[in-house]
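Numbering (full-length UniProt numbering), first residue to last: 1 to 291. Built from N, CA and C at the ideal position, the CB exists for glycine as well. What you are looking at is a predicted structure, and each value in this text was computed from that prediction instead of being measured. Here the structure comes first, spelled out in structure tokens, and everything after it is commentary.
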Amino acid sequence: MSKAYIEPPTVDSTAVFKNDIFKGKVLFCTGGGSGICKAMTQAMKHGASAAIVGRKLDRLEASAKELAAATGTQCIALQADVRNTKQLQDAVAKTVEKYGRIDFVICGAAGNFLAPISNLSENGFRTVIEIDTIGTYNTIKATLPHLRASRGSYIHVSATLHYRATPYQVHVSAAKAAVDATSAVLAVEEGPNGVRSNVIAPGPIAGTEGIDRLTTKGSPTALGAEPTGRAGSVQDIANAAVFLFSPAARYITGQALAVDGASEHLRAFQLPYPEAVLDPSTVAHLIKPRL
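This is the structure in structure tokens:
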């Protein structure tokens with residue numbers, strides 16, 4: 001049996017993009033205190049200043065210091081719950097007071113847990129919708145006047161769970177499907193105003209709270225059974241964000257970019273992977289003869 005190719009680790013964005021492509025620009029990021037959104041904020045080290053927004057101020061302030069040290073650019077921490085429009089408006093006002101503008105917005109605040117429909121309360125379902133979907137909408141409303149002024153761009157952090165039915169994930173599937181639709185409508189309505197809107201849908205990303213919570217040892221995801229031979233990294237997502245915010249993506253809007261190593265296309269593939277495709281004899285007893 002031939003050996004499967006394993007994609008090497010992703011390069012840092014500085015290997016591809018100029019160091020100053022975002023010079024003078026400002027990022028407003030919800031959920032930027034940890035995980036994927038923190039990595040996306042750090043990737044804006046190509047010259048952009050940032051404001052990271054979340055509920056836990058202590059963690060935000062620590063992350064802001066880390067990000068400023070790592071990027072050499074300014075980063076401030078602002079406490080706000082995306083479900084609270086007044087808090088979001090105040091955070092936006094403080095960002096503009098500090099930097100004078102907002103060019104990029106990452107809508108990344110999210111919540112998730114495992115629960116079947118039969119055991120999911122109305123409150124549990126509503127909470128995820130409020131954080132993911134309504135939180136995204138509130139963030140758009142609070143920042144849109146500033147992105148119109150700067151001809152800016154949105155990135156909404158979604159998922160691939162709702163592309164096909166995912167057990168125990170009805171709440172986040174509904175929430176993220178709504179986020180995708182919201183982004184598409186935003187792109188159409190605000191394109192004439194110079195505003196772009198896109199979605200990044202991360203697949204299994206190693207070392208994040210999401211993959212730790214949603215996978216188990218021995219699962220295909222945990223074993224890295226991907227067409228690329230490895231799970232994704234936060235750097236993969238960060239690089240996608242740099243591209244979508246960059247001038248190279250000016251004609252890309254209203255799209256959902258799955259950064260998942262093609263793993264979503266294997267969700268319906270229940271045979272051992274990649275063994276079954278590398279050596280069909282291992283599953284010959286399951287394959288129908290040619291008709």
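From this set, A187, V172, F125, T228, which residue's C-alpha is nearest E7's C-alpha?
Looking only at A187, V172, F125, T228, the smallest Cα-Cα distance to E7 is reached by T228.
In whole angstroms, give me the CA-to-CA distance for A4 and S63.
C-alpha separation (whole angstroms): 38 Å.
To which residues of the same chain is G218 closer than 6 Å at the C-beta, ignoring the five residues directly before and after it?
Low confidence applies to G218: its pLDDT is 44, below 50, so where it sits in the model is not reliable, and the reading given next is rough at best. Cβ within range, chain order: n/a, list empty.
In chain order, each beta strand (DSSP E) run of at least 3 residues that lies wholly inside the stretch 68-92:
With a minimum length of 3 residues, the continuous beta strand (DSSP E) runs that stay inside the stretch 68-92 are 75-79.
For G54, which residues does DSSP report across the bridge?
The secondary-structure analysis by DSSP pairs G54 across a beta bridge with Q79.
For N193, which residues from the same chain have a beta carbon less than 7 Å from its beta carbon, with the 5 sequence-adjacent residues on both sides left out?
For N193, where only same-chain residues beyond five positions count, the Cβ hits under 7 Å are R148.
Once DSSP output is grouped into helix, strand and coil, what is the label at A181?
Note: A181 maps to helix in three-state DSSP.
Which residues mark the beginning and the end of the beta strand (DSSP E) in which Y251 is found?
Counting along the chain, Y251 falls outside any beta strand (DSSP E), and DSSP gives it neither H nor E.
Whose CA, out of G24, R55, V172, lies closest to the CA of L120?
Nearest C-alpha to L120: V172.
Please identify the residue among A178, P202, Y154 whose C-alpha is closest to the C-alpha of A187.
For the set A178, P202, Y154, the Cα lying nearest the Cα of A187 is the one of Y154.
Straight-line gap, V26 to R230 (C-alpha atoms, nearest Å):
Here the C-alpha atom of V26 lies approximately 33 Å from the C-alpha atom of R230.
My output table needs one value for N19: the three-state DSSP class, helix, strand or coil.
Reduced to three states, the DSSP call for N19 is coil.
Among H146, S150, G152, A178, which has the Cα closest to the Cα of L161?
In this structure, A178 is the residue among H146, S150, G152, A178 with its C-alpha nearest to the C-alpha of L161.
In three-state terms, what does DSSP make of T30?
The answer is strand: DSSP assigns T30 an E or B state.
Kindly identify the DSSP beta-bridge partner or partners of F104.
DSSP links F104 through a beta bridge to L27, S153.
Inspect the beta-carbon positions of A201 and V242 and report whether they are closer than 9 Å.
In this structure, V242 does not lie closer than 9 Å to A201 by Cβ.
If you follow the beta strand (DSSP E) that N198 is in, where does it begin and where does it stop?
196-202 is the extent of the beta strand (DSSP E) around N198.
Quick one, which of V96, A43, A91 has its alpha-carbon nearest D70's?
The displayed chain sequence assigns Ala, not Asp, to residue 70. Checking every option, the nearest Cα to that of A70 belongs to A43.
Exposed or buried, which one is Y163 when buried takes at least 16 other CB atoms within 10 Å?
Burial call: buried.
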